[in-house]
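> I have a structure I would like to understand better, so I am pasting it below and will then ask my questions one at a time.
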Amino acid sequence: MRRPNFEPWSRRYLLHLSGLSRFDFPRLCAMACHSEGRLREPLLLYALQSDRFPELMAMTDDSELRGEYEHAADSLGELAPQDYALEHGYDPSTGDRYRKVLNSFYADWHRPETLARSKSIRRDACLRAKRERGVPVAPICRELGLNVGNVNAWLKNGDMSKVSLENATRLARAFRAA
Numbered sequence: 001m002r003r004p005n006f007e008p009w010s011r012r013y014l015l016h017l018s019g020l021s022r023f024d025f026p027r028l029c030a031m032a033c034h035s036e037g038r039l040r041e042p043l044l045l046y047a048l049q050s051d052r053f054p055e056l057m058a059m060t061d062d063s064e065l066r067g068e069y070e071h072a073a074d075s076l077g078e079l080a081p082q083d084y085a086l087e088h089g090y091d092p093s094t095g096d097r098y099r100k101v102l103n104s105f106y107a108d109w110h111r112p113e114t115l116a117r118s119k120s121i122r123r124d125a126c127l128r129a130k131r132e133r134g135v136p137v138a139p140i141c142r143e144l145g146l147n148v149g150n151v152n153a154w155l156k157n158g159d160m161s162k163v164s165l166e167n168a169t170r171l172a173r174a175f176r177a178a
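For the sequence shown, UniProt numbering assigns the number 1 to the initial residue and increments by one for each residue that follows.
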C-alpha cells in the first residue's frame with residue numbers, strides 16, 4: 001500500500017467535502033469564504049503545501065478570514081503541512097479545526113502499519129486456534145473460497161500482502177468456529 005502525499009490527498013479531501021467533481025481552486029476559495037466554512041482549514045493547508053498561499057490570500061475577500069489564515073500559517077512555522085503532520089502527529093497545540101485535517105492525513109499515512117498490525121492480530125488468533133484444535137487449513141480455505149497457497153504464506157511466513165484484512169477476519173472466525 002502506497003503512502004499518500006499531502007497535496008493530492010488534500011485535493012481529494014477538499015473534493016469530498018465540497019461535493020465538486022473536479023478540483024477548481026478559485027471556486028473552492030469562493031465556497032470557503034461564503035458558504036462552506038468547513039473547507040477553510042483543508043483549503044489553507046492545501047494552499048500552504050502547494051505554494052498557492054499568496055493566491056488564496058488574494059482570493060479571500062473577508063479580512064477576518066485572511067487574518068485567521070495568516071495566524072494559522074504562522075503557527076505552522078516553516079514546515080509544510082505534510083511535514084508538520086508527520087513530525088507532530090496528534091499535536092494538541094494545533095487548533096482543533098486544523099488538527100482534524102492533519103490527524104486524518106496522519107492516519108492515512110500510517111494506514112499500512114495499522115493494517116499490518118490488524119492482520120497480525122488475526123494471524124495470531126488463527127495460529128492459536130489451529131494449534132489448539134489441530135484444524136487443517138485446506139478445508140477452511142475451500143469453504144471460504146480462498147487460495148490455500150496464499151493463506152499458508154500468510155500463516156507460515158507472515159506475508160501480509162497475501163491476505164486482505166477482510167479475508168483475515170473471515171479466516172479468524174472460521175478457525176475459531178472449527
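Ideal placement from N, C-alpha and C gives every residue a C-beta, glycine not left out.
Taking 9 Å as the threshold (C-beta atoms), are L17 and L39 in contact?
Yes, Cβ-Cβ distance for L39 and L17 is below 9 Å.
> Can you give me the Cβ contacts of residue 179 inside the same chain, cut-off strictly under 7 Å, excluding the 5 residues immediately before and after it?
Coverage of the chain is limited to positions 1 through 178, which leaves residue 179 absent and any answer about it impossible.
> How big is the Cα-Cα spacing for M160 and R111?
So the two alpha carbons sit approximately 13 Å from each other.
> Between the Cα of P54 and those of E36, G37 and C29, spot the shortest distance and give me the residue it belongs to.
Nearest option by C-alpha distance: C29.
> Looking at E70: is its Cβ nearer than 9 Å to the Cβ of M57?
A contact, by the Cβ cut-off of 9 Å.
> Compute the Euclidean distance between the alpha carbons of E68 and P8, then round it to the nearest angstrom.
Whole-angstrom Cα-Cα distance: 24 Å.
> Straight-line CA distance for S120 to F6?
One C-alpha to the other measures close to 28 Å.
> List the endpoints of the continuous alpha helix (DSSP H) containing H88.
Run containing H88: P81 to H88, per the alpha helix (DSSP H) assignment.
> In the DSSP assignment, find the unbroken alpha helix (DSSP H) run with K119 in it and report its ends.
That run of the alpha helix (DSSP H) goes R111 to R133.
> Assuming A72 contacts Y106 under a Cβ cut-off of 8 Å, what Cβ separation, rounded to an integer in Å, is found between them?
A72 to Y106, Cβ: 17 Å. No contact.
> For the alpha helix (DSSP H) containing F53, name the first residue and the last one.
F53 -> alpha helix (DSSP H) spans F53 to M59.
> Does the distance from the C-beta atom of L76 to that of L48 stay below 9 Å?
Yes, these two residues count as a Cβ contact at 9 Å.
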